[in-house]
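If you want the working numbering, it's the position in the sequence shown, counting the first as 1, plus 166.
Quick reminder that beta carbons are idealized off the backbone N, C-alpha and C, glycines included.
Below is one structure; the comments refer to it alone.
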Amino acid sequence: MAFSVEYFHARMLAEIESWPVDVLADYARIVELLVEHGPNLKLPYSRAFGDGLFELRPRGRSGIGRAFYCFLVGKRVVVLHAFIKKSQQTPDHEIKLARKRLKEIQND
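Next comes the structure, spelled out in structure tokens:
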């Protein structure tokens with residue numbers, strides 16, 4: 167059975183849709199893989215950050231995107247935070263924001 171993908175807030179989807187078209191296309195392709203494979207999706211498409219936090223790793227000629235997500239009961243995937251990477255390493259504040267949203271969702 168396929169997983170369903172939802173967004174922490176409508177702004178998340180709007181942010182992702184504003185990405186460069188090549189990065190957005192790769193994101194769409196990777197989300198299809200995520201829907202099909204769920205937690206079995208691994209590098210280079212997805213990476214575990216621990217404590218139930220994962221990241222999708224879309225890329226294109228114009229940049230690299232990151233989308234943090236988690237799994238919920240009922241084969242649900244929630245995209246918690248997304249951004250375009252500007253540096254080699256993922257900034258700490260981006261990870262902290264994703265972890266904060268993960269806690270919010272787990273406490274619901």
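Subject >> DSSP-derived helix/strand/coil call for histidine 203 >> reply: The residue labelled residue 203 in the question sits at position 37 within the sequence shown. The answer is helix: DSSP assigns histidine 203 an H, G or I state.
Subject >> Contact check, proline 186 vs glycine 240, beta carbons under 8 Å >> reply: Taking the first residue of the sequence shown as position 1, residue 186 is located at position 20. Taking the first residue of the sequence shown as position 1, residue 240 is located at position 74. In this structure, glycine 240 does not lie closer than 8 Å to proline 186 by Cβ.
Original post:
Is valine 187 close to chain C, meaning its C-beta is less than 8 Å from at least one C-beta of that chain?
Top reply: This model lacks chain C altogether; it includes just one protein chain.
Subject >> Residue range of the unbroken beta strand (DSSP E) whose run includes histidine 247 >> reply: Looking up residue 247 in the sequence shown gives position 81. From DSSP, the beta strand (DSSP E) with histidine 247 extends over 242-251.
**OP:** Kindly give me the distance between the Cβ atoms of methionine 178 and valine 245, rounded to whole angstroms, as I take these residues to be in contact under 8 Å.
**Re:** Here the question's residue 178 lines up with position 12 in the sequence shown. Here the question's residue 245 lines up with position 79 in the sequence shown. Confirmed, Cβ separation roughly 5 Å.
Subject >> As assigned by DSSP and simplified to three states, the class of valine 189 >> reply: Numbered from 1 along the sequence shown, position 23 holds the residue referred to as residue 189. Note: valine 189 maps to helix in three-state DSSP.
**OP:** State the Cα-Cα distance for the pair valine 171 and cysteine 236, rounded to the nearest angstrom.
**Re:** If you number the sequence shown from 1, residue 171 lands on position 5. If you number the sequence shown from 1, residue 236 lands on position 70. Their Cα atoms are separated by approximately 10 Å.
Original post:
Just curious, the beta strand (DSSP E) that leucine 222 is in, first and last residue?
Top reply: Stepping through the sequence shown from its first residue, residue 222 is reached at position 56. Element bounds for leucine 222: 219-222.
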